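In the numbering used here, the protein residues as written are 53 to 445.
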Ligand code: AMP
């Protein structure tokens with residue numbers, strides 16, 4: 053990586069402010085239902101503490117508050133509690149992220165770890181407001197970005213702040229860039245990409261970029277039907293983006309011209325409607341029926357392709373995996389990936405990561421990204437502003 057990381061700088065006796073991604077899901081009682089993002093932030097925090105930083109200030113957003121001040125529902129207090137457990141030390145939770153009181157509390161406190169309140173209680177955060185960024189910067193001597201999940205957004209805490217402090221990447225961002233970066237720029241070949249999820253329109257840029265990088269693209273999930281339609285195959289009431297059929301046809305032609313193999317769904321698990329659990333396996337979709345998962349022949353064909361791959365990137369579920377009747381395709385492919393011995397398997401964040409977690413296969417993948425939108429934009433070949441803004445080596 054050409055960006056500086058915390059290993060490249062001396063944090064001794066410095067106040068280090070870390071932008072983490074603590075945007076975790078909470079239940080009604082404010083219990084954290086998935087703490088992976090907090091767990092992912094611990095190595096960077098511990099490293100900074102072990103290397104003699106005088107204080108560590110942590111900041112993050114949580115959810116989508118209005119941006120007009122404190123809202124209890126979006127407070128980071130549950131995160132402070134979890135951090136105490138993981139770090140095995142006290143964490144001072146502040147009531148805000150900027151202002152004279154915050155500054156005073158940081159100066160007076162003996163606590164080494166301080167968590168600022170939700171950045172998005174201030175609308176200036178998402179506007180990348182420079183005065184707000186400067187205020188955040190004034191709390192510390194060094195800035196570390198370890199929030200991969202928001203690295204694709206230019207906000208005050210991810211981009212603006214780098215104007216005012218030495219700015220480096222944390223270990224989580226370093227790890228994400230290593231795995232995602234190598235997968236597309238220097239993969240062990242063949243590189244096979246599995247694409248699923250609901251919509252083609254979300255993945256057009258991704259497919260375009262992958263056509264210059266991958267050896268094979270396996271397409272399943274809701275997006276497959278627009279491609280099948282483009283080939284003149286009957287899709288019944290399955291998910292279709294009618295205005296993307298021409299694009300799908302063009303992408304298929306481009307793949308052929310570039311020698312990239314495209315594998316599409318060839319048999320189907322259908323239902324009379326989206327609500328129904330009356331799952332039926334068929335080779336062609338009758339009128340009035342909707343396909344909600346890939347069938348057994350398709351699962352076998354995909355596995356034969358994946359068995360040959362040396363690098364696999366997976367983005368998007370292959371069926372409506374949230375419902376047991378239509379989870380088999382996603383589950384079987386996830387289990388197959390989990391069993392591969394020689395291949396590097398990278399799972400994009402978001403729904404594919406949720407599917408892998410649902411099937412308890414997280415430990416079996418090489419890398420699961422912590423950022424859905426960020427990993428997608430990275431794989432599309434876009435520059436992530438939160439990373440571009442960091443100091444070069
Ligand atoms: P995305 O947000 O684009 O990754 O889409 C994920 C969603 O696509 C999941 O909630 C799946 O239930 C849905 N999905 C996957 N396969 C299908 C399908 N065949 N028809 C409709 N929705 C699907």
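Yeah, the Cβ is synthetic: ideal placement off N, Cα and C, and Gly gets one too.
Nothing here was measured: the structure is a model prediction, and the numbers come from that model.
What is the rounded straight-line gap between the Cα of residue 181 and the Cα of residue 137?
34 Å
Does the distance between the C-beta of residue 245 and the nearest non-hydrogen atom of the ligand AMP fall short of 7 Å?
no
Tell me which residue opens and which closes the alpha helix (DSSP H) that residue 313 is part of.
Where residue 313 is concerned, there is no enclosing alpha helix (DSSP H), although the beta strand (DSSP E) it sits in stretches over 313 to 315.
Whole alpha helix (DSSP H) runs in the segment 376 to 413 with 4 or more residues, listed along the chain?
380 to 391, 403 to 410
Just tell me which of 297, 326, 131, 162 has its CA closest to the CA of residue 374.
326
Counting only the same chain and skipping the five closest in sequence on each side, list residues whose C-beta sits under 8 Å from that of residue 357.
244, 268, 270, 313, 315
Closer than 7 Å: residue 403 CB and nearest the ligand AMP heavy atom
yes
Residue 326 in three-state terms, based on DSSP:
coil
When the Cα of residue 227 is compared with those of 444, 420, 442, which residue comes out closest?
420
Here's a check: name, in chain order, each residue in its chain whose Cβ is nearer than 7 Å to the Cβ of residue 404, leaving out the five neighbours to either side.
366, 367, 368, 369
Reducing DSSP to helix, strand and coil, say where residue 246 ends up.
strand
Do residue 198 and residue 134 have their beta-carbon atoms positioned less than 8 Å apart in this structure?
no
Looking only at its chain, what residues have a beta carbon closer than 7 Å to the beta carbon of residue 425, apart from the 5 residues adjacent to it on each side?
204
Beta-carbon separation of residue 128 and residue 170 under 8 Å?
yes
DSSP state of residue 363, grouped into three classes?
strand
Contact test: residue 384 Cβ vs the ligand AMP heavy atom, cutoff 7 Å:
no
Test item: CB-CB of residue 281 and residue 287 under 8 Å
yes
Helix, strand or coil for residue 439, going by three-state DSSP, please let me know.
helix
Which runs of the beta strand (DSSP E), 3 residues or longer, sit entirely within the segment 60 to 85?
67 to 71
Cβ-heavy atom distance between residue 319 and the ligand AMP below 7 Å?
no
Just verifying my parser: in three-state terms, what is the DSSP assignment at residue 373?
coil
On the DSSP bridge assignment, give the partners of residue 268 in chain order.
244, 313
For the beta strand (DSSP E) containing residue 333, list its first residue and its last residue.
332 to 334
State buried or exposed for residue 85, treating a residue as buried only when at least 16 other CB atoms are found within 10 Å of its CB.
exposed
Please report how far the alpha carbon of residue 380 lies from the alpha carbon of residue 275, in whole angstroms.
17 Å
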